[in-house]
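What follows is one structure encoded as structure tokens, with my remarks underneath.
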Amino acid sequence: GVGKTTLAYHAGRSLNKPVYLFQATMDTRPEDLIVTPVISEGGKIKYMASSIVSAMIKGGVAIIDEGNRMSEKSWASLAPLLDNRRYVESVVAGIKIKAHPEFRLCTTMNDDASTFELPEYIHSRLQPQIYIDFPEREEELLILSKNLPFADDEILEYVVEFLQAAHDADERYSVRDGINIARYAMKRVASLNQPKEVRENGVVILNYLKEAASLILDEGATTYFNEILDEMSDEQ
Numbered sequence: 003g004v005g006k007t008t009l010a011y012h013a014g015r016s017l018n019k020p021v022y023l024f025q026a027t028m029d030t031r032p033e034d035l036i037v038t039p040v041i042s043e044g045g046k047i048k049y050m051a052s053s054i055v056s057a058m059i060k061g062g063v064a065i066i067d068e069g070n071r072m073s074e075k076s077w078a079s080l081a082p083l084l085d086n087r088r089y090v091e092s093v094v095a096g097i098k099i100k101a102h103p104e105f106r107l108c109t110t111m112n113d114d115a116s117t118f119e120l121p122e123y124i125h126s127r128l129q130p131q132i133y134i135d136f137p138e139r140e141e142e143l144l145i146l147s148k149n150l151p152f153a154d155d156e157i158l159e160y161v162v163e164f165l166q167a168a169h170d171a172d173e174r175y176s177v178r179d180g181i182n183i184a185r186y187a188m189k190r191v192a193s194l195n196q197p198k199e200v201r202e203n204g205v206v207i208l209n210y211l212k213e214a215a216s217l218i219l220d221e222g223a224t225t226y227f228n229e230i231l232d233e234m235s236d237e238q
């Protein structure tokens, strides 16, 4: 949720190359990464190239999104592509496919309990590595405002305060989570059949944000909105 895929996409576009995205999952098989057999209308077997192979052929940029959700077996099928051999081999189709000289590959990864640890022989081939941390407050506020153009400044301020407090506590809530809970709260506020001063009341807004955090994230996320509410009570 910190914009890794977006950054990778725009980096690829800045090279004036076509960009191909492959979404990795725990179920990704080696053949999914290369070519997949399909039955045509005539009953014949055809082979469909993956987005990675399409990028290899056309000299584009392939982005493997959430790369460490794939197993080692799947990564092993790409090992020859990631060194000076620059090819993949399909056991299913019985072919070897060489990469265009201009072909580039990158992968995005998250570090959490639902991911695999990459084997060293793959890890060493994926260089250089760039670590992307959570944005600073001003950057996060700008991202929120760009994605929520109709949100009141008050909602944006509350959400960025929540996110910054969560980051300081080493929580994994991202700006994407902030956008989602803000959208929920905005809809709840808009549905209120109440005077404007009630709909714009800070406590009302915060309680809807707290409700959104509980439903979309987890109960622990509400702690940070409770802290904001407590600070508001102390000031009054």
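First residue of the sequence shown: 3, per the working numbering; consecutive thereafter.
Note that beta-carbon positions come from the ideal geometry of N, C-alpha and C, so glycine has one too.
It should be emphasised that the depicted structure is a prediction, and the values quoted were computed from it without experimental measurement.
Closest Cα partner of residue 77 within the set 175, 131 and 126:
Working through the sequence shown from its first residue, we reach residue 77 at position 75. Nearest of 175, 131 and 126 to residue 77, Cα basis: 126.
Applying the criterion that 16 or more other CB atoms from any shown protein chain within 10 Å of the CB defines a buried residue, is residue 227 buried or exposed?
On the sequence shown, residue 227 is found 225 positions in, with the first residue counted as 1. Residue 227 is buried by the Cβ-count criterion.
Using CA coordinates, which residue listed in 95, 34 and 104 is at the minimum distance from residue 75?
For the purposes of this step, residue 75 is taken as residue 73 along the sequence shown, with counting starting at 1. The residue with the shortest Cα to Cα distance from residue 75 is 34.
Measure the beta-carbon distance from residue 181 to residue 215 and round it to whole angstroms, keeping in mind my assumption that it falls under 8 Å.
Walking along the sequence shown from the start, residue 181 turns up at place 179. Walking along the sequence shown from the start, residue 215 turns up at place 213. That belief does not hold up - the Cβ atoms of residue 181 and residue 215 are roughly 13 Å apart, past 8 Å.
Considering only their Cβ atoms, is the gap separating residue 92 from residue 36 smaller than 8 Å?
One-based indexing of the sequence shown puts residue 36 at position 34. One-based indexing of the sequence shown puts residue 92 at position 90. Cβ atoms of residue 36 and residue 92: closer than 8 Å.
Here's the rule: buried if 16 or more other CB atoms are within 10 angstroms of the residue's CB, otherwise exposed. What is residue 30?
For this step, residue 30 is matched to residue 28 along the sequence shown. The residue in question, residue 30, is buried, as its Cβ has 16 or more Cβ neighbours within 10 Å.
Integer Cβ distance of residue 158 from residue 150, believed to fall under 8 Å:
By one-based count along the sequence shown, residue 158 stands at place 156. By one-based count along the sequence shown, residue 150 stands at place 148. The pair is a contact, with the Cβ atoms about 7 Å apart (cut-off 8 Å).
If residue 39 sits next to residue 90, beta carbons under 8 Å apart, how far is it from one beta carbon to the other, in whole angstroms?
Indexing the sequence shown from 1 puts residue 39 at position 37. Indexing the sequence shown from 1 puts residue 90 at position 88. Actually they are not in contact, since the Cβ atoms of residue 39 and residue 90 sit about 16 Å apart, beyond 8 Å.
Pull the bridge partners of residue 23 from the DSSP assignment, please.
For the purposes of this step, residue 23 is taken as the residue at position 21 of the sequence shown. For residue 23, which the question treats as bridged, DSSP gives the partners 65.
Cut-off 7 Å between Cβ atoms - residues of its own chain near residue 28, not counting five sequence neighbours on either side:
Translated into positions along the sequence shown, residue 28 becomes position 26. Result list for residue 28: 71, in chain order.
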